[in-house]
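Asker:
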Amino acid sequence: MIGGGEGPLEFFLADNLTRDRASWPIPSYTITTPDSQTVWVKPLSAAPAWPAGLKARPAAEVKEFVLKNAGARPWGRDEVDQRIVGQVREGKGRIIDSQEEVGGYPHPAMTTRKLDVPATGVDEWLAGFGAGGK
1002 MIGGGEGPLE FFLADNLTRD RASWPIPSYT ITTPDSQTVW VKPLSAAPAW
1052 PAGLKARPAA EVKEFVLKNA GARPWGRDEV DQRIVGQVRE GKGRIIDSQE
1102 EVGGYPHPAM TTRKLDVPAT GVDEWLAGFG AGGK
């Protein structure tokens, strides 16, 4: 980990996965500051703050959960989303310098639908398009 401050720093590290840039495990009891100094970490035995009702997912399950559920439509991903998820899953993702490196901008097909505005109750009809609406 990279951080800063005067040591030892206190962290709640239960179930954290710490890896270096090459994906090798690193000890979670030290961190390196931006100027390459090592600072010792004092692990906390309990989380100092925890949102009510939050149920943490085990760290080993998080990546696969995110890959299965990320995006507006994980059940119907387009080619771009499929490529990105695949690259992350294979560990081959990277930041690109240009959209041309990945085939340019996508050209999705246009979609349309007929709009039937009711003669009465327009406010209620419009409200139905909010969260959980039509």
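Every position in the sequence shown, counted from 1, becomes a number in my numbering once 1001 is added. We put the beta carbon where it would ideally sit given N, CA and C, even for glycine.
Are the stretch 1114-1122 and the stretch 1090-1097 in contact at 8 Å, needing three or more beta carbon pairs?
Answerer: no
Asker: Have a look at GLN1100 and TYR1106 and give me their C-alpha separation to the nearest angstrom.
Answerer: 6 Å
Asker: From ALA1060 to ARG1020, what distance separates their C-alpha atoms?
Answerer: 13 Å
Asker: TRP1041 and PRO1075 look like a contact to me (Cβ under 8 Å); what is the Cβ gap, rounded to whole Å?
Answerer: With a Cβ gap of about 41 Å, TRP1041 and PRO1075 do not count as contacting.
Asker: In the DSSP assignment, find the unbroken beta strand (DSSP E) run with LEU1068 in it and report its ends.
Answerer: It is not in any beta strand (DSSP E) - LEU1068 instead sits in the alpha helix (DSSP H) that spans 1060-1070.
Asker: What is the C-beta distance between ASP1079 and PRO1109, in whole angstroms, given that I count them as a contact (C-beta under 8 Å)?
Answerer: 7 Å
Asker: Which same chain residues, not among the five before or five after LEU1068, have their C-beta less than 7 Å away from its C-beta?
Answerer: VAL1086, VAL1089, ARG1090
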